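Q: Handing you this structure, nothing more for now.
Residue numbers (the working numbering): 1 to 86.
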């Protein structure tokens, strides 16, 4: 029974992939006739550069925090004997 579910899941996912590919090709072909103005190329370039900078910065912060122990699990500080008597 589990094998049937796996086959159904793969079939649905492949169907979604085929539909997305068809939509992408159809949209690409429909937009091929209209030229992009210079402002469009500038905006696209700035968007790509900004996205890359944000991605690189976030990955650098991730590696920095991992290397210097900021990602370690917080521990409760040990109680002193004076606090236990209160």
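By construction, the Cβ of each residue, glycine as well, lies at the ideal position given by its N, Cα and C atoms. As the structure is a computational prediction, the values presented were derived from the model and not from experiment.
Taking the alpha-carbon positions, what's the residue 34 to residue 69 distance?
A: Taking the straight line from one Cα to the other gives about 52 Å.
Q: Could you check how far apart the C-beta atoms of residue 80 and residue 71 are, in whole angstroms? I think they sit under 8 Å.
A: Wrong, their Cβ atoms sit about 28 Å apart, outside the cutoff.
Q: Can you tell me which of the three DSSP states residue 36 falls into?
A: It is coil, neither helix nor strand.
Q: In this structure, how does DSSP classify residue 66 when only helix, strand and coil are distinguished?
A: Three-state DSSP puts residue 66 in a helix.
Q: Which of the three DSSP states is assigned to residue 51 in this structure?
A: Helix at residue 51.
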